[in-house]
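**Q**
4 protein chains.
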Amino acid sequence: MRGKHKTDNNEHKQFIDNRSISSSKDEGLIESKQLQIVEGAYKLFLTKGFHPTSIREIAEACNMSMGQLYHYISSKDDVLYLVHKHFHKIMYDFLKTQKLEEYVSPVEKLINFIKANLYFVNQNKKLIQFISTETKYLQKDYLKDVLAMEKESTIGLYHQLLVEINKEIPIIADLEILASILAYLVAFLPMKGWTVNEDSLDDVNRCILDLVFRGLGQSVLQEAEKFLI
Amino acid sequence: MRGKHKTDNNEHKQFIDNRSISSSKDEGLIESKQLQIVEGAYKLFLTKGFHPTSIREIAEACNMSMGQLYHYISSKDDVLYLVHKHFHKIMYDFLKTQKLEEYVSPVEKLINFIKANLYFVNQNKKLIQFISTETKYLQKDYLKDVLAMEKESTIGLYHQLLVEINKEIPIIADLEILASILAYLVAFLPMKGWTVNEDSLDDVNRCILDLVFRGLGQSVLQEAEKFLI
Amino acid sequence: MRGKHKTDNNEHKQFIDNRSISSSKDEGLIESKQLQIVEGAYKLFLTKGFHPTSIREIAEACNMSMGQLYHYISSKDDVLYLVHKHFHKIMYDFLKTQKLEEYVSPVEKLINFIKANLYFVNQNKKLIQFISTETKYLQKDYLKDVLAMEKESTIGLYHQLLVEINKEIPIIADLEILASILAYLVAFLPMKGWTVNEDSLDDVNRCILDLVFRGLGQSVLQEAEKFLI
Amino acid sequence: MRGKHKTDNNEHKQFIDNRSISSSKDEGLIESKQLQIVEGAYKLFLTKGFHPTSIREIAEACNMSMGQLYHYISSKDDVLYLVHKHFHKIMYDFLKTQKLEEYVSPVEKLINFIKANLYFVNQNKKLIQFISTETKYLQKDYLKDVLAMEKESTIGLYHQLLVEINKEIPIIADLEILASILAYLVAFLPMKGWTVNEDSLDDVNRCILDLVFRGLGQSVLQEAEKFLI
DNA sequence: GATGAATGAGGCTTCATTCAT
DNA sequence: AATGAATGAAGCCTCATTCAT
Numbered sequence: 001m002r003g004k005h006k007t008d009n010n011e012h013k014q015f016i017d018n019r020s021i022s023s024s025k026d027e028g029l030i031e032s033k034q035l036q037i038v039e040g041a042y043k044l045f046l047t048k049g050f051h052p053t054s055i056r057e058i059a060e061a062c063n064m065s066m067g068q069l070y071h072y073i074s075s076k077d078d079v080l081y082l083v084h085k086h087f088h089k090i091m092y093d094f095l096k097t098q099k100l101e102e103y104v105s106p107v108e109k110l111i112n113f114i115k116a117n118l119y120f121v122n123q124n125k126k127l128i129q130f131i132s133t134e135t136k137y138l139q140k141d142y143l144k145d146v147l148a149m150e151k152e153s154t155i156g157l158y159h160q161l162l163v164e165i166n167k168e169i170p171i172i173a174d175l176e177i178l179a180s181i182l183a184y185l186v187a188f189l190p191m192k193g194w195t196v197n198e199d200s201l202d203d204v205n206r207c208i209l210d211l212v213f214r215g216l217g218q219s220v221l222q223e224a225e226k227f228l229i
Numbered sequence: 230m231r232g233k234h235k236t237d238n239n240e241h242k243q244f245i246d247n248r249s250i251s252s253s254k255d256e257g258l259i260e261s262k263q264l265q266i267v268e269g270a271y272k273l274f275l276t277k278g279f280h281p282t283s284i285r286e287i288a289e290a291c292n293m294s295m296g297q298l299y300h301y302i303s304s305k306d307d308v309l310y311l312v313h314k315h316f317h318k319i320m321y322d323f324l325k326t327q328k329l330e331e332y333v334s335p336v337e338k339l340i341n342f343i344k345a346n347l348y349f350v351n352q353n354k355k356l357i358q359f360i361s362t363e364t365k366y367l368q369k370d371y372l373k374d375v376l377a378m379e380k381e382s383t384i385g386l387y388h389q390l391l392v393e394i395n396k397e398i399p400i401i402a403d404l405e406i407l408a409s410i411l412a413y414l415v416a417f418l419p420m421k422g423w424t425v426n427e428d429s430l431d432d433v434n435r436c437i438l439d440l441v442f443r444g445l446g447q448s449v450l451q452e453a454e455k456f457l458i
Numbered sequence: 459m460r461g462k463h464k465t466d467n468n469e470h471k472q473f474i475d476n477r478s479i480s481s482s483k484d485e486g487l488i489e490s491k492q493l494q495i496v497e498g499a500y501k502l503f504l505t506k507g508f509h510p511t512s513i514r515e516i517a518e519a520c521n522m523s524m525g526q527l528y529h530y531i532s533s534k535d536d537v538l539y540l541v542h543k544h545f546h547k548i549m550y551d552f553l554k555t556q557k558l559e560e561y562v563s564p565v566e567k568l569i570n571f572i573k574a575n576l577y578f579v580n581q582n583k584k585l586i587q588f589i590s591t592e593t594k595y596l597q598k599d600y601l602k603d604v605l606a607m608e609k610e611s612t613i614g615l616y617h618q619l620l621v622e623i624n625k626e627i628p629i630i631a632d633l634e635i636l637a638s639i640l641a642y643l644v645a646f647l648p649m650k651g652w653t654v655n656e657d658s659l660d661d662v663n664r665c666i667l668d669l670v671f672r673g674l675g676q677s678v679l680q681e682a683e684k685f686l687i
Numbered sequence: 688m689r690g691k692h693k694t695d696n697n698e699h700k701q702f703i704d705n706r707s708i709s710s711s712k713d714e715g716l717i718e719s720k721q722l723q724i725v726e727g728a729y730k731l732f733l734t735k736g737f738h739p740t741s742i743r744e745i746a747e748a749c750n751m752s753m754g755q756l757y758h759y760i761s762s763k764d765d766v767l768y769l770v771h772k773h774f775h776k777i778m779y780d781f782l783k784t785q786k787l788e789e790y791v792s793p794v795e796k797l798i799n800f801i802k803a804n805l806y807f808v809n810q811n812k813k814l815i816q817f818i819s820t821e822t823k824y825l826q827k828d829y830l831k832d833v834l835a836m837e838k839e840s841t842i843g844l845y846h847q848l849l850v851e852i853n854k855e856i857p858i859i860a861d862l863e864i865l866a867s868i869l870a871y872l873v874a875f876l877p878m879k880g881w882t883v884n885e886d887s888l889d890d891v892n893r894c895i896l897d898l899v900f901r902g903l904g905q906s907v908l909q910e911a912e913k914f915l916i
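Residue numbers (my numbering), protein chains in the order written: chain U, 1 to 229; chain Y, 230 to 458; chain V, 459 to 687; chain F, 688 to 916.
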C-alpha cells in the first residue's frame, strides 16, 4: 500500500531507493532528513537496542515531530534499514580511503587493511555489535539489500585483496568464503569481547592477525613477517 | 522491584539459583517446569526473536496458564536467561561427550573437537544465531552469569585442549583469547551463513579448519596434517 | 493470526462463533461481556456513526478498560458486527412474538406483521438508520454472515407469510424478491424520514400499507380490506 | 471556525454558494476545480466510503496539491457535500431529459419515468448506495441543503407526475409522501440488492413496477396495463 | 497563486504483569 | 496451587489542516 520495497528497475540503481520509503518529493530533503533520522536513532539503538527503542524516542532524538518522521520513513523497520545502510556506507568509506596503493606487496596491503578494519571495529564496538545482532530483524527485502551491500563493500574489498595476493602466492581456499570469514573474524571483539579482558585489546588484535596470516599458508606468512612489526 | 537477581551468597553455587526465579519451593518441580518453559519458548524465539514473542504466546507454546508461567519465572527476561542457560548446557553436554580420550595426540583431539563443534553449530544454526544476537538483552546479572557459564564450558574446553597442545608444541599466543576466538569462529556460518551458498557448508568448514590449524603455527600444522583427511 | 472468521463446521452453528472473536475461554462470560459492549457501543454509534466513534469512547461507554474490551473483541470491526447481530436478533425476536397465530386469514397475518414491523421500525428509527447505512463497512465475512442472518430472520418471516397467502390467493411475483422489497419498504421512514413531516408518521404508514396491499393484487386487496381499519 | 456554513442571504439563491466554500474569487474556476475534486473523490468514496478515504488520497486522485485542494474547499466535509450536489444534479439531469412529452397518458409517463429511474439506479449502484448511506454525515446546513435539493429535483419530478395522473384518475394517497416513497423504492437494488440473486435484476425491476402500479389503485393499473409490456 | 512539508493529537491495538477467584 | 480475566500505559502509525516558502 505504501509503496516501499519497490526495487527500482533502473539498472544503475542497484539498491532500494530512499524515495520509495518517503512520501516526500524533494530528493535532497529526503536524504538530509533521513540522515538526521539515522543520527538520532542509532545512538538510541546502540544503548537500548532496536525493539526497546520507541518511535517516539526516535522522533525526539532527531528533533522531529511524529508526523515529520513518518514523512521520511514509512515504518519503524525503515529506520533499522537506514541505520544499516548508513553503517555500511561509513565503514566502506573508511576502508576505501586507506591508501593501500602506497604498499607494493599485496600481503602488506592486506595486513594494513585488516589493521584498519580492526581499528574501525574497535572504535565502533557498539555499532558493530548492534549491526551484527539486529540485522536479522530487517524485513526480507531490506535484508537482501543489506547483504548485497555488504558483499559489494567490505567483503568485496577483502576479496579483491585476496585475489591480488593469490596472483603471486597461491592461497589454497575459496577466496569468497575466506573474504567473508575474515570480515567476520575482525568483528570478534565487539561481539565476544566481553569474554575477554578489556585491557587486552592489542593482544586480541595481534592474535587475530597471527591467526589469519599463519592461516593463509606458509608462503604468505613468510611475506607477511616482513611487515608484521 | 521483583524478587529476581538475588545472587546466591552460598559460595558453592556459582550460578544464579533457579529458586530465586520461581516462587515455588519444590526444586524438582521448578526444574521440570522451567524446562517445559524453555522448550515452549525457544522455538518461538528462533522464528520471531525475543522481543516480538509475547509472554502469552510463550504460555500457550508451553501449555501453561499465565498464572502458572509466572509461578516459575518472575519476568519475561527470566525466560531469555533460562533459554541461554539451557543452550549452554546442551552444547556443553554435546561437546563433553565427544570421547576425545580415544585420541592420543592433543592436536587430533582439537581437530575432532572443532569438527564436533562445527557439526553441532550447523545442526543448530537458528539457535546459535539466536543466542549470539540476543545475549545482549540479558539483564546485567544474568549476562555476567551466562558469560561465566560460557567461559567455563565451551570456551573452557577449547582452552584445555590448547593448553594440552601447548605442552607439547608451543603455541605463540594467549591461549585464553585464542580459545574465545576459536569458539567465535566456529559460529561463523549461523551468523553469516546467509551470505554463503547453502551447499558449500563443507567448503566453509574446511576453510575454517584450515585457517585454524595453519593459524596455530607450522609445528601444529605438521602434526595436524596427519589427521586432516 | 487471531483466528477470527473461522466459520464453524459444526452444522448446527450456522453463524460466526463469538468465541472466535474473543480470546476468553468462558463462553458465558463472552456472551455477557459482548452484550455489555454492544449496549455501550450502539448508543454512540447511533449519534456519531461508526467511524467517528473511537474505540476509547466505546470502552468508556461500556465501563471497560481498553485491555478488557480487546479481550472480548479482536478489532473495532467486531463491534460493528456484534451490533448488527444484536440488532437482527432483537428485531427478529420482536417480530417473532407477534402472536400471528391468532389470525386465521394469512392476509390478516401479513397486515398485522407489517404493522408490527412499522411500529418497531419507528420505535428504533436511529438504530434502523444506523444498520442500513453502516452495513457496508462490515468485513467481507461478517457481511456475508449478517446478510444470511437477515435473510433467515426478518426477510424469512415475510417470505413465509407470502407463501402462506400464495397458497390461497396466487401472488404474481417472485416471493423471495417481494419479501426483500417489503422488508426494505418498511424502513422507509427512518431512512428518508427527514424529508417527511414528523407528524405524518401515520400517513406514511398508511401509505405504505396501501401501496403494499393494493400492490399484491386485486384479490389480496379484497381480502385485506376486511382488516384494514 | 472556518468560513463554511455561511448561508447566503440573497433570496434568489436557495442553495449554498460555492464561493462560500472556496477562497477563490473566479467563479468559473471554482466550478471547474470543484468538479475536478468531485470526480477525483467520488471514485474513492465509492470503493472505500467517506471516512476511510483520506484527504491526501483525494488530492492525489484529482491531481491537486494539498494547498490547491484547500483553496477550493475549506474542509473534508465540503467534499462530501460537493459529491452529493453533483450526484443530485446528474440524476436530475438524466431524469429531466427523458422526453416524457412524447407520451400522452400521464400513467405512461410515470411508467417510463420509473423505468428510466430504475435504469439510472442500476447503472450507478455504488453511487446510489454511497449517497444513501453517507448523507447522514453531511453537516447540518449541508444536509438541509441537500434534502431540499432532492425534494425539488427527483422527488419533485415524481410529485409532478403523480399530480398529473391524479387529475385524471384520483389516487387515494398523500402525493408528496407517495413521491418520496417511490423515489426510495426505486433505490432498492443498490441498497438491498445483495440479498437478492444478482441475475434477477429484471425480475426485481418488474416486481417493483408491478407493486407500484397495482399499488396506485385499480384504475391506474387498468391504464398502466396498456403500457406494461 | 501554488506548493507540500510540518504539526501533534489521536487513531487502533498489544503488552507484561497482577490478583480475585 | 492454579487460573485467566483485568489493567492501562505505551506501542506504532495516520490524519485533517496550516503556513513558510
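Cβ coordinates follow ideal geometry from the N, Cα and C atoms, glycine included.
Counting only Cβ-Cβ distances shorter than 9 angstroms, please list the residues of the stretch 266–298 of chain Y near chain U, keeping chain order.
**A** Answer set for the stretch 266–298 of chain Y: Gly278, Phe279, His280, Pro281.
**Q** Taking just the CA atoms, how far does Ile801 of chain F sit from Leu849 of chain F?
**A** Cα-Cα distance, rounded: 12 angstroms.
**Q** Would you mind reading off the limits of the alpha helix (DSSP H) that contains Leu731 of chain F?
**A** Looking at the DSSP string, the run of the alpha helix (DSSP H) that includes Leu731 of chain F is 714–735.
**Q** For Gly156 of chain U, return the contacting residues in chain Y, with the cut-off set at a CB-CB distance below 7 angstroms.
**A** Under the 7 angstroms cutoff, chain Y gives no residues; its nearest Cβ is about 11 angstroms from Gly156 of chain U.
**Q** Shorter than 8 angstroms from the beta carbon of Ser638 of chain V to some beta carbon of chain F?
**A** So yes, Ser638 of chain V belongs to the interface.
**Q** Does DSSP put Phe571 of chain V in a helix, in a strand, or in coil?
**A** Here Phe571 of chain V sits in helix by DSSP.
**Q** Using 8 angstroms as the threshold, is the C-beta distance between Leu585 of chain V and Asn663 of chain V below it?
**A** Contact flag unset, no.
**Q** Determine the DSSP secondary structure at Met378 of chain Y, reduced to helix, strand or coil.
**A** Helix.
**Q** Could you say if the stretch 144–152 of chain U and the stretch 13–23 of chain U meet the contact criterion of at least three C-beta pairs nearer than 8 angstroms?
**A** These segments touch.
**Q** Name the residue from F:Leu876, F:Ile708, F:Thr882 whose alpha carbon lies nearest to the alpha carbon of Phe807 of chain F.
**A** Checked all of F:Leu876, F:Ile708, F:Thr882; the closest Cα to Phe807 of chain F is F:Leu876.
**Q** Using three-state DSSP, classify Thr820 of chain F as helix, strand or coil.
**A** In this structure, Thr820 of chain F counts as helix in the three-state DSSP scheme.
**Q** List the residues of chain Y that Leu185 of chain U touches, going by C-beta distances under 7 angstroms, in chain order.
**A** Residues of chain Y passing the Cβ test: Leu414.
**Q** Quick check on the DSSP output: the alpha helix (DSSP H) that includes Thr282 of chain Y runs from which residue to which?
**A** Counting along the chain, Thr282 of chain Y falls outside any alpha helix (DSSP H), and DSSP gives it neither H nor E.
**Q** Please list, in chain order, the residues of the stretch 848–863 of chain F that have any C-beta partner in chain V closer than 9 angstroms.
**A** Answer in chain order: Ile859, Ala860, Asp861, Glu863.
**Q** Using the beta-carbon of each residue, which ones in chain F are nearer than 7 angstroms to Tyr595 of chain V?
**A** By Cβ distance, chain F contributes Gly736.
**Q** Pick from Y:Ile384, Y:Tyr299, Y:Lys328, Y:Gly446: whose alpha carbon is nearest that of Glu397 of chain Y?
**A** Ranking Y:Ile384, Y:Tyr299, Y:Lys328, Y:Gly446 by Cα distance to Glu397 of chain Y puts Y:Gly446 first.
**Q** Taking all protein chains shown into account, decide if Met320 of chain Y is buried (16 or more other Cβ within 10 angstroms of its Cβ) or exposed.
**A** By the neighbour-count rule (16 or more Cβ atoms within 10 Å), Met320 of chain Y is buried.
**Q** Report yes or no: is there a C-beta of chain U within less than 8 angstroms of the C-beta of Thr326 of chain Y?
**A** Not an interface residue.
**Q** Please report the distance separating the alpha-carbon of His771 of chain F from that of Asp765 of chain F.
**A** Rounded to whole angstroms, His771 of chain F to Asp765 of chain F spans 10 angstroms at the Cα level.
**Q** Among the residues of its own chain, which have a CB less than 8 angstroms from the CB of Arg672 of chain V, if the five just before and after it don't count?
**A** So the qualifying residues of the chain are Leu679.
**Q** At what residues does the alpha helix (DSSP H) containing Leu95 of chain U begin and finish?
**A** Note, Leu95 of chain U: alpha helix (DSSP H), 76–96.
**Q** Would you mind reading off the limits of the alpha helix (DSSP H) that contains Ile858 of chain F?
**A** Segment: none, Ile858 of chain F is in no alpha helix (DSSP H) and carries neither H nor E.
**Q** Candidates F:Tyr845, F:Lys720, F:Lys823, F:Tyr759: which alpha carbon is nearest Glu787 of chain F's?
**A** It is worth fixing the name first, because residue 787 of chain F is Leu in this sequence and not Glu. Nearest C-alpha to Leu787 of chain F: F:Tyr845.
**Q** Out of V:Ser523, V:Thr505, V:Val670, which one is the CA nearest neighbour of Ile513 of chain V?
**A** Considering only alpha carbons, the answer is V:Ser523.
**Q** For Gln123 of chain U, count the other beta carbons within 10 Å of its own beta carbon; 16 or more makes it buried, fewer makes it exposed. Which is it?
**A** With fewer than 16 other Cβ atoms within 10 Å, it is exposed.
**Q** If you draw a straight line from the alpha carbon of Lys76 of chain U to that of Asn63 of chain U, how long is it in whole angstroms?
**A** Roughly 16 angstroms between the two C-alpha positions.
**Q** At a Cβ threshold of 8 angstroms, is Asp668 of chain V touching chain F?
**A** Yes, contact with chain F.
**Q** What three-state label does DSSP hand Val791 of chain F in the structure shown?
**A** Note: Val791 of chain F maps to coil in three-state DSSP.
**Q** List, in chain order, every chain U residue whose beta-carbon is nearer than 7 angstroms to that of Val433 of chain Y.
**A** Going along chain U in sequence order, the residues near Val433 of chain Y (Cβ under 7 angstroms) are Ile177.
**Q** Give me the Cα-Cα distance between Tyr299 of chain Y and Ser480 of chain V, rounded to the nearest whole angstrom.
**A** Tyr299 of chain Y and Ser480 of chain V: Cα-Cα distance of roughly 23 angstroms.
**Q** Between which residues of its own chain and Ala187 of chain U is the CB-CB distance below 7 angstroms, once the five residues before and five after are set aside?
**A** Excluding residues within five positions, the ones whose Cβ falls inside 7 angstroms are Val121, Ile128, Ser132.
**Q** Are the C-beta of Ser429 of chain Y and some C-beta of chain U separated by less than 8 angstroms?
**A** Judged by the 8 angstroms Cβ criterion, Ser429 of chain Y is in contact with chain U.
**Q** State the Cα-Cα distance for the pair Lys796 of chain F and Ala860 of chain F, rounded to the nearest angstrom.
**A** If I take the Cα positions, the gap works out to 19 angstroms.
**Q** Determine the direct distance from the alpha carbon of Gly269 of chain Y to that of Tyr642 of chain V, and round the result to whole angstroms.
**A** Their backbone Cα atoms lie some 54 angstroms apart in a straight line.
**Q** Shorter than 8 angstroms from the beta carbon of Lys262 of chain Y to some beta carbon of chain U?
**A** With 8 angstroms as the cut-off, Lys262 of chain Y does not count as an interface residue toward chain U.
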